[in-house]
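Undergrad: Chains as they are written, first to last, in our numbering: chain V, 21 to 272; chain R, 21 to 272.
Just so you know, even glycine gets a beta-carbon here, dropped at the ideal spot from N, CA and C.
There are 2 protein chains.
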Amino acid sequence: MGTVEKAVSLLKLFSVPEPEMGLSDLARKASFDKATTRRLLMALTRHGLVEQDADTRRYRLGAGVSRLARIRDAHFPFVKIALPIVRDLAAQTGETVHLSEHSADALLTVHVELSARANRVNVDVGQTLPLHATASGLAFLAFSRSEAVGRYADSVLEAFTAHTVTRRERLMDTIRLAASRGYSESAQGYEEGVHSVAAPILAHDGYAIGTLAVAAPVSRVDGAAASLHGQAVVRAARLISGRLNGEPPARG
Amino acid sequence: MGTVEKAVSLLKLFSVPEPEMGLSDLARKASFDKATTRRLLMALTRHGLVEQDADTRRYRLGAGVSRLARIRDAHFPFVKIALPIVRDLAAQTGETVHLSEHSADALLTVHVELSARANRVNVDVGQTLPLHATASGLAFLAFSRSEAVGRYADSVLEAFTAHTVTRRERLMDTIRLAASRGYSESAQGYEEGVHSVAAPILAHDGYAIGTLAVAAPVSRVDGAAASLHGQAVVRAARLISGRLNGEPPARG
DNA sequence: AATAGCGGTTCAAATAATGAACCGACAAGG
DNA sequence: CCTTGTCGGTTCATTATTTGAACCGCTATT
Numbered sequence: 021m022g023t024v025e026k027a028v029s030l031l032k033l034f035s036v037p038e039p040e041m042g043l044s045d046l047a048r049k050a051s052f053d054k055a056t057t058r059r060l061l062m063a064l065t066r067h068g069l070v071e072q073d074a075d076t077r078r079y080r081l082g083a084g085v086s087r088l089a090r091i092r093d094a095h096f097p098f099v100k101i102a103l104p105i106v107r108d109l110a111a112q113t114g115e116t117v118h119l120s121e122h123s124a125d126a127l128l129t130v131h132v133e134l135s136a137r138a139n140r141v142n143v144d145v146g147q148t149l150p151l152h153a154t155a156s157g158l159a160f161l162a163f164s165r166s167e168a169v170g171r172y173a174d175s176v177l178e179a180f181t182a183h184t185v186t187r188r189e190r191l192m193d194t195i196r197l198a199a200s201r202g203y204s205e206s207a208q209g210y211e212e213g214v215h216s217v218a219a220p221i222l223a224h225d226g227y228a229i230g231t232l233a234v235a236a237p238v239s240r241v242d243g244a245a246a247s248l249h250g251q252a253v254v255r256a257a258r259l260i261s262g263r264l265n266g267e268p269p270a271r272g
Numbered sequence: 021m022g023t024v025e026k027a028v029s030l031l032k033l034f035s036v037p038e039p040e041m042g043l044s045d046l047a048r049k050a051s052f053d054k055a056t057t058r059r060l061l062m063a064l065t066r067h068g069l070v071e072q073d074a075d076t077r078r079y080r081l082g083a084g085v086s087r088l089a090r091i092r093d094a095h096f097p098f099v100k101i102a103l104p105i106v107r108d109l110a111a112q113t114g115e116t117v118h119l120s121e122h123s124a125d126a127l128l129t130v131h132v133e134l135s136a137r138a139n140r141v142n143v144d145v146g147q148t149l150p151l152h153a154t155a156s157g158l159a160f161l162a163f164s165r166s167e168a169v170g171r172y173a174d175s176v177l178e179a180f181t182a183h184t185v186t187r188r189e190r191l192m193d194t195i196r197l198a199a200s201r202g203y204s205e206s207a208q209g210y211e212e213g214v215h216s217v218a219a220p221i222l223a224h225d226g227y228a229i230g231t232l233a234v235a236a237p238v239s240r241v242d243g244a245a246a247s248l249h250g251q252a253v254v255r256a257a258r259l260i261s262g263r264l265n266g267e268p269p270a271r272g
């Protein structure tokens, strides 16, 4: 593992439930030597990607990461553009809706609107979703370059539940179905009891850059509901794609 | 320079006006070898901190930086808390207002509300402000630990304009004035034609963690206006400090 | 058809990263 | 009050990684 990747791994140890850690803790979690860990942290600190509390000596993510994110968001305001549409879809369906962005061979959840119902699906911002086991992933693959899909289908497909699609041929069939319908469907492929439909958000070139998904408890989803959610998520995803690619918002 | 710092330097080359670059361009700007630059970029890409456009082969900041920023913001919602107060101040003064956070011996602009007027000061999000040459920096130093101020004052102070304070004694005087008034003032110390006042945003321990500033064209600022801006920026900065440290928003 | 730029790759040489052992400080327990 | 364990941090001989000149194939200009 290269030095740079080690440094980035350290950054990735910070999370919403654990946003601050001491040196030894970080070293243990990353399985790096304490001296190494410290040198990496100092390098990151010098550039503001990490900061150290003056009192507790614990480390946390620094203002530099916010700065970088702002630069990116100014150029590619994915969440900002999608937000109103995501909210509309959540209101329409009454179910949990989540928005994901492609990153490093997975989908990164960047926004969630939780259902108001007591029995609902919970998704965390920052969670990464595997491509073969979630509706979002399937929708993404269905609108990806075929070489990339082939490469992914050839890799080892982890089974998260008894329903996870792990055989290459079944996966390719599922992807083809999603491509022809415009949206994907997955029942309990990643978590037991969860049903999801998802549609791709497309770049100007017609390939997916992210996905929009509706997730509901299986108990609440029959064929009719699934179809309704599917059509709604496709409409919403198309709206987002349109605005991302410069199409003006519709009037009224 | 360590490998990690080189990688981070690459990230820092991206900016709001130039959010995408080719390999050779990046290598030239960073003064790294093309092969080195590419290896660093690949390491960053593997973790989603950088992404490469499939068509143009140009590089840009990736979704990973947004993810890290969300983790940090969940724990330390500086901008979110400050935003309404920053907007009020912008409305009150009619001038450009910018919010900065301390990071790696400089101030990082994390939010900007631009004046609606045709003749206005422009500040970019992500811009870093030197501590000795901007109103923000002076306000920050005026409320920093004296050892840190001493160390900074001993370093080489770059002159950005003919008005930049570069002599240690002048700097210390300016800082003392800011400390006693509660806000700092800088006329054309960083950019010609720009007048700014700034006040510190304080942590629970009373030391500055960031600043709030009002920037206006010198032509529009006389003594009375400067004083008004100064008082307004102090009020707004105090409100932000209070809410950051757990004080509830005032009613009405 | 010649030139110059681009993104990307190679491999011997050079430089940087590594980690076991160490320090002083602090806190809990006997 | 002395032991034990853990903390953050440092040192330096050993080791493994980074480095960059030269190269490739490609595309656009001239």
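Output the boundary residues of the alpha helix (DSSP H) element that contains R:Ala256.
TA: Note, R:Ala256: alpha helix (DSSP H), Gly243 to Leu264.
Undergrad: When Cβ atoms are compared, which residues of the segment 114 to 138 of chain V fall closer than 8 Å to chain R?
TA: Hits within the stretch, in order: Glu121, His122, Ser123, Ala124, Leu128 and Val130.
Undergrad: Relative to the alpha-carbon of V:Ala138, which residue among V:Ala94, V:Ala236 and V:Val106 has its alpha-carbon at the smallest distance?
TA: Nearest option by C-alpha distance: V:Ala236.
Undergrad: Take every Cβ of the segment 212 to 232 of chain V, pair it with every Cβ of the segment 23 to 42 of chain R, and state whether three or more of those distances are shorter than 8 Å.
TA: Not touching, per the Cβ criterion.
Undergrad: Which same chain residues end up closer than 7 Å to R:Gly202 when comparing Cβ atoms and leaving out the 5 residues on each side of it in sequence?
TA: Excluding sequence neighbours, R:Gly202 sits near Ala219 and Val254.
Undergrad: Anything in the segment 25 to 40 of chain V with a Cβ closer than 9 Å to a Cβ of chain R? List those residues in chain order, please.
TA: Listed by position along the chain: Glu25, Lys26, Ala27, Val28, Ser29, Leu31, Lys32, Phe34, Ser35, Val36, Pro39 and Glu40.
Undergrad: Just verifying my parser: in three-state terms, what is the DSSP assignment at V:Met21?
TA: If DSSP states are grouped into helix, strand and coil, V:Met21 belongs with coil.
Undergrad: If I'm right that R:Ala83 touches R:Gly68 with Cβ under 8 Å, what's the distance once you round it to whole angstroms?
TA: The Cβ separation is near 5 Å, so the contact holds.
Undergrad: Does R:Leu161 come within less than 8 Å of chain V when only Cβ atoms are used?
TA: So, not an interface residue.
Undergrad: If you follow the alpha helix (DSSP H) that V:Ser44 is part of, which residue opens it and which one closes it?
TA: First-last of the alpha helix (DSSP H) with V:Ser44: Leu43 to Ala50.
Undergrad: Just to check my reading of the structure: V:Glu115 and V:Val234 have Cβ atoms closer than 8 Å, yes? What is that Cβ distance to the nearest angstrom?
TA: Contact flag correct, Cβ pair sits at about 5 Å.
Undergrad: R:Val165: buried (16+ other C-beta within 10 angstroms of its C-beta) or exposed?
TA: Note that residue 165 of chain R is Arg in the sequence shown here, rather than Val. By the neighbour-count rule (16 or more Cβ atoms within 10 Å), R:Arg165 is not buried but exposed.
Undergrad: So that I know if they touch, is there some Cβ in chain V lying closer than 8 Å to that of R:Ala47?
TA: Closer than 8 Å: no.
Undergrad: Is V:Gly272 buried or exposed, if buried means 16 or more other CB atoms sit within 10 Å of its CB?
TA: Note that V:Gly272 scores a pLDDT of 38, beneath 50, so its modelled location is shaky; the value from the coordinates is reported in the next line. With fewer than 16 Cβ atoms within 10 Å of its Cβ, V:Gly272 is classed as exposed.
Undergrad: Going along chain V in order, which residues have a C-beta closer than 8 Å to the C-beta of R:Ala63?
TA: Here the neighbours are Gly22, Val24, Glu25 and Val28.
Undergrad: Would you say the segment 248 to 266 of chain V touches the segment 33 to 49 of chain V, given that touching needs at least three Cβ pairs under 8 Å?
TA: Not touching, per the Cβ criterion.
Undergrad: Return the chain-ordered list of same chain residues with a C-beta closer than 8 Å to the C-beta of R:Thr129, the five sequence neighbours on each side being excluded.
TA: Same-chain partners within the cutoff: His118, Leu119, Ser120, Val143, Asp144, Val145, Gly146, Gln147, Thr148 and Leu149.
Undergrad: So for V:Arg80, helix, strand or coil by DSSP?
TA: Reduced to three states, the DSSP call for V:Arg80 is strand.
Undergrad: Do we get a CB-CB distance below 8 Å when we pair V:Leu222 with the residues of chain R?
TA: No, because no Cβ of chain R sits closer than 8 Å to the Cβ of V:Leu222.
Undergrad: Any idea which residues DSSP pairs V:Arg127 with across the strands?
TA: According to the sequence shown, residue 127 of chain V is Leu rather than Arg. According to DSSP, V:Leu127 bridges with V:His122 and V:Leu149.
Undergrad: Around the C-beta of V:Arg77, are 16 or more other C-beta atoms found within 10 angstroms, so that it is buried, or is it exposed?
TA: Burial call: exposed.
Undergrad: Three-state secondary structure (DSSP) at V:Ser164?
TA: Coil.
Undergrad: When the cut-off is 8 Å and only beta carbons count, does R:Ile260 lie next to chain V?
TA: No, its Cβ sits nowhere closer than 8 Å to a Cβ of chain V.
Undergrad: In the DSSP assignment, the alpha helix (DSSP H) including R:Glu189 goes from what residue to what residue?
TA: Looking at the DSSP string, the run of the alpha helix (DSSP H) that includes R:Glu189 is Arg188 to Arg201.
Undergrad: At a CB-CB cut-off below 8 Å, which residues of chain R make contact with V:Asp93?
TA: Near V:Asp93 (Cβ distances below 8 Å), the residues of chain R are Ser86.
Undergrad: Indicate the three-state DSSP secondary structure (helix, strand or coil) for R:Gly272 in the structure shown.
TA: Below a pLDDT of 50, predicted positions are generally treated as unreliable, and R:Gly272, at 39, falls in that range; the measurement from the model is reported next regardless. It is coil, neither helix nor strand.
Undergrad: Locate the alpha helix (DSSP H) running through V:Leu60, then write down its first and last residues.
TA: Where V:Leu60 is concerned, the enclosing alpha helix (DSSP H) stretches over Lys54 to Arg66.
Undergrad: Could you list which residues in chain R have their beta carbon closer than 8 Å to that of V:Leu60, in chain order?
TA: Residues of chain R passing the Cβ test: Val24.
Undergrad: With a threshold of 7 Å (Cβ to nearest heavy atom), would R:Val36 be considered close to the ligand MN?
TA: Within the structure as shown, the ligand MN is missing, as the structure has no ligands at all.
Undergrad: Around the Cβ of V:Val28, are there at least 16 other Cβ atoms within 10 angstroms (buried) or fewer (exposed)?
TA: With 16 or more other Cβ atoms within 10 Å, it is buried.
Undergrad: Check whether the Cβ of V:Arg66 lies closer than 8 Å to any Cβ atom in chain R.
TA: Yes, V:Arg66 lies at the interface with chain R (some Cβ there is under 8 Å from its Cβ).
Undergrad: Is R:Leu103 helix, strand or coil by DSSP?
TA: DSSP places R:Leu103 in helix when its eight states are reduced to three.
Undergrad: Please classify V:Leu232: does DSSP put it in a helix, a strand, or coil?
TA: V:Leu232: strand per DSSP, three-state reduction.
Undergrad: Determine whether the Cβ of V:Ala228 lies closer than 8 Å to any Cβ atom of chain R.
TA: It does not; no Cβ of chain R falls within 8 Å.
Undergrad: For the segment 175 to 194 of chain V and the segment 32 to 41 of chain R, state whether three or more C-beta atom pairs, one from each stretch, are separated by less than 8 Å.
TA: No contact exists between the segment 175 to 194 of chain V and the segment 32 to 41 of chain R.
Undergrad: Measuring alpha carbon to alpha carbon, tell me which of R:Leu158, R:Ala153 and R:Leu109 ends up nearest R:Ser135.
TA: It is R:Leu109 whose Cα lies nearest to the Cα of R:Ser135.
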